[in-house]
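Visitor: Please find one structure pasted underneath; my questions will follow.
Number of protein chains: 2
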Amino acid sequence: MEELHSWNDGPTKSAIVDFVGRATEQVPPEERVAVFDNDGTLWCEKPAYIQLDFLVRRLAEQAAADPALAAEQPYQAAAAGDLAWFGDAVTKHYNGDDSALKVLAGGILSAYAGMSVEDHADRIKDFFAEARHPSLGRPYTACGYLPMIELLRYLETNGFTNYIVSGGGRDFMRPVTPSMYGVPPERVIGSSVGLDFVDGELRTTATPEFLNDGPVKAVRIWGRVGRRPIFAAGNSNGDIQMLQYTAGGPGPSLGLLVRHDDAAREFSYTAGAEKALDLAESSGWAVASMRDDWTSVFD
Amino acid sequence: MEELHSWNDGPTKSAIVDFVGRATEQVPPEERVAVFDNDGTLWCEKPAYIQLDFLVRRLAEQAAADPALAAEQPYQAAAAGDLAWFGDAVTKHYNGDDSALKVLAGGILSAYAGMSVEDHADRIKDFFAEARHPSLGRPYTACGYLPMIELLRYLETNGFTNYIVSGGGRDFMRPVTPSMYGVPPERVIGSSVGLDFVDGELRTTATPEFLNDGPVKAVRIWGRVGRRPIFAAGNSNGDIQMLQYTAGGPGPSLGLLVRHDDAAREFSYTAGAEKALDLAESSGWAVASMRDDWTSVFD
Chain A
53 MEELHSWNDG
63 PTKSAIVDFV
73 GRATEQVPPE
83 ERVAVFDNDG
93 TLWCEKPAYI
103 QLDFLVRRLA
113 EQAAADPALA
123 AEQPYQAAAA
133 GDLAWFGDAV
143 TKHYNGDDSA
153 LKVLAGGILS
163 AYAGMSVEDH
173 ADRIKDFFAE
183 ARHPSLGRPY
193 TACGYLPMIE
203 LLRYLETNGF
213 TNYIVSGGGR
223 DFMRPVTPSM
233 YGVPPERVIG
243 SSVGLDFVDG
253 ELRTTATPEF
263 LNDGPVKAVR
273 IWGRVGRRPI
283 FAAGNSNGDI
293 QMLQYTAGGP
303 GPSLGLLVRH
313 DDAAREFSYT
323 AGAEKALDLA
333 ESSGWAVASM
343 RDDWTSVFD
Chain B
53 MEELHSWNDG
63 PTKSAIVDFV
73 GRATEQVPPE
83 ERVAVFDNDG
93 TLWCEKPAYI
103 QLDFLVRRLA
113 EQAAADPALA
123 AEQPYQAAAA
133 GDLAWFGDAV
143 TKHYNGDDSA
153 LKVLAGGILS
163 AYAGMSVEDH
173 ADRIKDFFAE
183 ARHPSLGRPY
193 TACGYLPMIE
203 LLRYLETNGF
213 TNYIVSGGGR
223 DFMRPVTPSM
233 YGVPPERVIG
243 SSVGLDFVDG
253 ELRTTATPEF
263 LNDGPVKAVR
273 IWGRVGRRPI
283 FAAGNSNGDI
293 QMLQYTAGGP
303 GPSLGLLVRH
313 DDAAREFSYT
323 AGAEKALDLA
333 ESSGWAVASM
343 RDDWTSVFD
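Taken in order, these protein sequences are the chains called A and B.
So the first sequence is numbered by our numbering: it starts at 53 and just counts up by one.
So the second sequence is numbered by our numbering: it starts at 53 and just counts up by one.
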């Protein structure tokens with residue numbers, strides 16, 4: 053398939069092409085639903101989630117505007133550019149100490165409370181117009197994986213409808229998914245806080261709504277799409293249930309895991325993906341090795 | 053517009069045609085989002101919600117299978133065909149007594165608990181294949197309003213994307229919205245119970261998730277679509293915020309209220325719509341009088 057020109061020939065590319073051939077023969081177009089995780093599957097998630105960079109900038113802005121806040125975490129760390137504090141909060145969480153993560157979550161949840169959804173979207177657009185990846189030397193908007201973007205186009209050309217199903221923020225992704233992936237806002241499923249309808253406007257609250265990870269991904273695919281997907285791509289343990297749900301249908305299906313094993317061109321890590329990678333073989337999921345299967349990582 | 057051939061010429065039809073003309077000139081196609089309430093706006097909601105008929109049959113089935121249940125409400129009323137009990141539960145609620153409504157809600161919420169979403173959908177399809185409106189002498193699938201279905205097609209022809217935004221059950225509507233309205237499941241927004249992901253399958257729970265009414269309609273339009281609509285149609289007080297949200301955008305917009313004033317061809321009632329009808333003039337919403345604006349009500 054010339055559309056997949058950044059993919060090396062091999063079993064993974066063959067699995068994709070074979071599946072698409074069977075799907076176009078056996079599955080009506082309206083049932084050709086494909087779901088993609090985002091962080092680590094469509095765009096780079098290291099050294100930190102892109103959304104965390106956006107949020108730390110906001111926390112620093114809030115600290116600059118309010119000296120009382122500046123003396124507290126997570127604002128103090130944000131204002132000092134102490135990104136290690138944020139990483140430590142997550143590490144402590146995995147070691148059973150949630151205290152720092154709760155402080156961080158409180159700051160993140162209230163970061164945009166009271167702002168209209170349109171103003172929030174404008175801030176995200178401004179961020180993506182400026183911000184660059186700290187080590188890859190490219191704008192975040194150029195941190196999407198070229199082979200995966202080719203895969204989105206290839207599926208689309210074959211009558212599939214692509215959705216993003218991410219643990220990242222729904223409203224954080226929406227301003228850039230049309231230009232980066234050709235995926236419109238109505239096909240972005242992600243984590244969210246609640247909204248209030250006040251005086252004719254929708255405003256962000258500080259109340260969590262969905263944490264779109266693990267089994268919640270499967271639940272929300274049904275809630276949003278009303279169909280079981282036949283293709284799913286992910287890269288971490290949080291994608292396992294979405295891949296299992298996709299595999300459980302009666303017709304052709306394919307699951308794909310992106311393996312981050314390319315320290316030279318991107319990053320090499322398995323943390324957070326151990327269980328998914330262990331399950332790949334017994335589950336029949338294809339694995340895309342960034343190092344071996346992709347001729348280019350970025351455009 | 054010959055597409056609107058069941059609409060009489062007059063201010064309401066003109067308001068629709070004028071709005072669509074402005075929208076196609078000034079609004080890019082991806083922003084031409086139209087939202088439609090369902091019960092009383094697209095299909096008949098009297099003498100009772102169609103979904104209540106479906107649920108009462110299920111409660112009667114559960115009563116027949118379990119004598120202990122049959123001795124309790126709401127199963128006793130369902131088994132006896134005592135539909136007045138269900139109406140009274142709602143009337144009592146409006147008079148400040150929630151006791152019967154809580155009993156009813158408990159029965160409704162648990163009616164399909166544990167069933168897979170696919171099996172649930174099959175039961176809904178079976179219901180619609182058989183069930184007929186109790187007084188109109190036609191299948192429920194022929195209880196959609198012809199002029200509104202023409203309006204869906206007219207908007208679509210002009211580059212709009214139509215969504216259903218209903219207080220009715222999301223998963224109850226989905227099996228029939230493609231054939232009745234040309235609206236696929238991913239564009240149906242409605243009330244729902246939570247789902248569990250168990251052993252690779254999605255199963256219905258008895259836990260309420262969304263009651264999609266009033267301000268929640270506006271919130272969930274953003275959650276699902278990520279855009280403010282430019283056209284909204286409703287018929288009751290529960291549609292007010294959706295209409296207000298639609299009217300608040302910067303460009304052309306139109307709100308439309310269906311007025312049930314045709315006892316001869318459908319029903320005549322204003323209960324539950326008083327406030328919406330009061331607001332119509334000051335808000336600039338068009339009002340479709342079933343009696344005066346529609347040459348036919350049903351196909």
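Ideal Cβ placement from N, Cα and C applies to all residues, glycine included.
With DSSP run on the structure shown, which of helix, strand or coil describes W95 (chain A)?
Guide: strand
Visitor: Check the Cβ of G252 (chain B) against every Cβ in chain A and list those closer than 8 Å, keeping chain order.
Guide: Q296, Y297, A299 and G300
Visitor: From the DSSP output, in three-state form, read off I282 (chain A) for me.
Guide: coil
Visitor: Taking V169 (chain A) as the reference, give the member of A:A183, A:Q128 and A:G221 with the closest Cα.
Guide: Of the listed residues, the one whose Cα sits closest to V169 (chain A) is A:G221.
Visitor: Output, in chain order, the set of chain A residues within a Cβ distance shorter than 8 Å of R276 (chain B).
Guide: Those within 8 Å of R276 (chain B) in chain A are E238 and R276.
Visitor: Going along chain A, which residues have a C-beta under 8 Å from V271 (chain B)?
Guide: G246, L247, D248, F249 and L254
Visitor: Kindly provide the ranges of any beta strand (DSSP E) runs that are 3 or more residues long and lie completely inside the region 245-305 of chain B, ordered along the chain.
Guide: 253-262 and 283-286
Visitor: Does the Cβ-Cβ distance between L25 (chain A) and W274 (chain A) come in under 8 Å?
Guide: Look at the range of chain A in this structure, 53 to 351, and you will see that residue 25 (chain A) is not part of it.
Visitor: Please list the terminal residues of the continuous beta strand (DSSP E) segment that includes S213 (chain A).
Guide: The question names Ser, but residue 213 (chain A) in the sequence shown is Thr. Here the beta strand (DSSP E) through T213 (chain A) covers T213 to G221.
Visitor: To the nearest angstrom, how far is it from the Cα of W137 (chain A) to the Cα of H145 (chain A)?
Guide: When rounded, the distance between both Cα atoms is 12 Å.
Visitor: Between which two residues does the beta strand (DSSP E) containing F88 (chain A) stretch?
Guide: V85 to F88
Visitor: Which whole-angstrom value describes the C-beta separation of V349 (chain B) and R317 (chain B), a residue pair presumed to lie in contact below a C-beta threshold of 8 Å?
Guide: 5 Å
Visitor: Secondary structure at A338 (chain A), three-state DSSP: helix, strand or coil?
Guide: strand
Visitor: Going by other Cβ atoms of all chains shown within 10 Å of its Cβ, with 16 needed for buried, is P6 (chain B) buried or exposed?
Guide: In this structure chain B extends from 53 to 351, so residue 6 (chain B) is not present and cannot be described.
Visitor: For S187 (chain B), which three-state DSSP category applies?
Guide: coil
Visitor: Under DSSP, the alpha helix (DSSP H) around Q125 (chain B) begins and ends at which residues?
Guide: No alpha helix (DSSP H) holds Q125 (chain B); DSSP gives it neither H nor E.
Visitor: Can you pull the chain B neighbours of V169 (chain A), defined as C-beta to C-beta under 8 Å?
Guide: W274
Visitor: Does R175 (chain B) get closer than 8 Å to chain A when you measure Cβ to Cβ?
Guide: no
Visitor: Leaving out the 5 sequence neighbours to the left and right, which residues in its chain are closer than 8 Å to E238 (chain A) when beta-carbon positions are compared?
Guide: none
Visitor: Cα separation between R109 (chain A) and T93 (chain B)?
Guide: Roughly 46 Å between the two C-alpha positions.
Visitor: Tell me whether S231 (chain A) sits in a helix, a strand or coil according to DSSP, three-state version.
Guide: helix
Visitor: Give me the chain B residues within the contact set of Q125 (chain A), using Cβ-Cβ distance strictly less than 7 Å, ordered along the chain.
Guide: By Cβ distance, chain B contributes nothing, its closest Cβ being about 30 Å from Q125 (chain A), past 7 Å.
Visitor: Chain B beta carbons: is any one of them nearer than 8 Å to that of Q78 (chain A)?
Guide: no
Visitor: Just reading off the alpha helix (DSSP H) that W137 (chain B) is part of, what are its end residues?
Guide: Counted as a single uninterrupted DSSP element, the alpha helix (DSSP H) harbouring W137 (chain B) occupies residues L135 to Y146.
Visitor: Is the separation between the beta-carbon of F224 (chain B) and that of F106 (chain B) shorter than 8 Å?
Guide: Closer than 8 Å, so yes.
Visitor: Taking R279 (chain B) and I241 (chain B) to be in contact with their CB atoms under 8 Å, please state how far apart those CB atoms are, rounded to whole angstroms.
Guide: That pair is no contact at about 13 Å.
Visitor: Can you check DSSP and say which residues form a bridge with S243 (chain A)?
Guide: Answer by DSSP bridge pairing, in chain order: A:G221.
Visitor: Can you list the residues of chain B that E82 (chain A) reaches, using a CB-CB cut of under 7 Å?
Guide: Contact annotation for E82 (chain A) against chain B: P236 [CB-CB distance below 7 Å, chain order].
Visitor: Mind checking H57 (chain A): buried by the 16 CB within 10 Å criterion, or exposed?
Guide: exposed
Visitor: Strictly under 8 Å for the Cβ-Cβ distance: is R382 (chain A) near chain B by that measure?
Guide: Since the first and last residues shown for chain A are 53 and 351, residue 382 (chain A) lies out of range.
Visitor: I'd like the span of the alpha helix (DSSP H) that includes F180 (chain A), first residue to last.
Guide: Taken as a continuous stretch (DSSP letters only), the alpha helix (DSSP H) holding F180 (chain A) covers V169 to E182.
Visitor: Are the CB atoms of E97 (chain A) and E202 (chain A) within a distance shorter than 8 Å?
Guide: no
Visitor: To the nearest angstrom, report how far apart V250 (chain A) and S288 (chain A) are at their CA atoms.
Guide: Taking the Cα positions, V250 (chain A) is about 38 Å away from S288 (chain A).
Visitor: Within 8 Å of any Cβ in chain B, is that where the Cβ of P281 (chain A) sits?
Guide: Chain B has no Cβ within less than 8 Å of the Cβ of P281 (chain A).
Visitor: For the region 70-85 of chain B against the region 156-170 of chain B, are there 3 or more C-beta pairs whose distance is under 8 Å?
Guide: no
Visitor: Report yes if the CB atom of R84 (chain B) is closer than 8 Å to the CB atom of G211 (chain B), and no otherwise.
Guide: Yes, the Cβ-Cβ distance between R84 (chain B) and G211 (chain B) is below 8 Å.
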